[in-house]
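All residue numbers for the sequence shown refer to the numbering used here, where the first residue is 478 and numbers rise by one.
Before any comments, here is the structure.
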Amino acid sequence: MSKTILELINRTPEPAPWSEGDNIPWDDPEFSERMLVEHLSQEHDLASRRNETIDLHVEWIFSQVLDSRPARVLDLACGPGFYANRLARNGCTCVGMDFSPASIRYAKETAAAEALPCTYHHADVREGLFGEGFDLSMMIYGQFNVFPRNLGLEILKNACSAMKPGGHIVLEVQTNEQIRKSGQSPPTWHSARSGLFSGAPHLVMQESFWHEDTQSSTVRFMVIEGQSGRASTYALSNEAYTEREITDAIELAGFTHARWFPSLNGKPAAGEQDLPVIVARK
Ligand SMILES: C[S@@+](CC[C@H](N)C(=O)[O-])C[C@H]1O[C@@H](n2cnc3c(N)ncnc32)[C@H](O)[C@@H]1O
């Protein structure tokens, strides 16, 4: 959202969750091109995990959730298609959905280069047009938490409607503690010649809020470009669920037999990037 510097100074001391925006601008074409570089980076796990970790995740999903049988897979917020393409190499037929134009372009190009049976849609998962007849639906890397609770439940219900009876959902979520900690982090700033929020030299000032009453967090990013003086703000809110609350939401959406796993490779979490996973059946 475009702002004046005076508006930044006069900002609301504490924003209500989701009141200043839904998320960082994944769907902005230029932002998405810059973010794609981060998805592809093998130096860090910020946007997607590194290849070796994704290999282990997909091996676990294929062997433990799909019993090593080819299946029809729906990957919600699929990013550049790293998971869906790998599952397709195991014989699965995959549909990926994401609203980042650069990620979807990359996913389509890489799937086409290997003639993988993957279809990628540039679409907002909040619109719920998921199709039907899937054996597995998944949302990886904590994206479920970025939706307000009512919307999160709606997405789960739509995912359930898209599944065959007996199909599975795999949801990898951020923990309550991680979201609380991020909301309680002190303010920070950095400057960059080019970065995620701008291709030009800029400053990014970041402040975080923990909303105890709603058990959610907001991170506010204030960006000022050096040459133009253009200012903009973005905000990212996250719901801090307990495991019980997520299990309840999964069951309310129509799934049963919910089971929790410490990470997407089935092993105990070894660091901040290992998130808990709930698997349930329709
Ligand atoms: C952290 S990345 C994870 C991507 C992928 N699941 C992975 O692990 O490689 C989050 C993804 O969610 C997508 N996303 C966030 N909100 C979305 C929405 N409302 N509709 C579609 N995609 C969304 C972003 O564009 C981004 O690609």
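All C-beta atoms, glycine included, are put in the ideal place defined by N, C-alpha and C.
Nothing here was measured: the structure is a model prediction, and the numbers come from that model.
Let's test the definition: count the other Cβ atoms within 10 Å of the Cβ of residue i and tell me whether it reaches 16, buried, or not, exposed.
i	result
W503	buried
I646	buried
D552	buried
K744	exposed
H521	exposed
M615	buried
R697	buried
V623	buried
A589	exposed
V514	exposed
D544	exposed
H534	buried
W737	exposed
P664	exposed
S675	buried
A548	buried
G748	exposed
M449	Nothing can be reported for residue 449: it is not among the residues displayed for the chain, which extend from 478 to 759.
S668	exposed
G706	exposed
P642	exposed
On the premise that residue j lies in contact with residue i, defined as a C-beta separation below 8 angstroms, what is that separation, rounded to the nearest angstrom?
i	j	result
W666	M682	4 angstroms
W537	N742	5 angstroms
A726	G629	7 angstroms
N567	F539	5 angstroms
N562	C595	6 angstroms
I701	I486	No, I701 and I486 are not in contact; Cβ-Cβ is about 11 angstroms, not under 8 angstroms.
Which residues mark the beginning and the end of the alpha helix (DSSP H) in which residue i is found?
i	result
I723	E720 to L729
P578	P578 to A590
A524	That residue, A524, is in no alpha helix (DSSP H); it is neither H nor E in DSSP.
Y618	Where Y618 is concerned, there is no enclosing alpha helix (DSSP H), given that its DSSP letter is neither H nor E.
N562	F559 to R566
E507	P506 to L517
E497	Run containing E497: none; DSSP gives neither H nor E here.
Compare the Cα-Cα distances from residue i to each of the options and report the closest residue.
i	options	result
E484	L752, K744, S709 and T719	S709
L613	R657, Q620 and A636	A636
V756	G731, L564, Q750 and A712	G731
S580	A735, A747 and E507	E507
E720	Q651, E749, A600 and M574	Q651
P770	S496, I486 and Q519	The question about residue 770 has no answer here: the residues shown for the chain are numbered 478 through 759.
T691	R657, T724 and G703	R657
V550	I617, R758, G558 and C569	C569
T733	S740, T724 and G672	T724
For residue i, report the span of its beta strand (DSSP E) as first-last.
i	result
L533	Where L533 is concerned, there is no enclosing beta strand (DSSP E), although the alpha helix (DSSP H) it sits in stretches over N528 to W537.
L648	M640 to E649
N715	A708 to E716
G660	Taken as a continuous stretch (DSSP letters only), G660 belongs to no beta strand (DSSP E), being part of the alpha helix (DSSP H) at N653 to G660.
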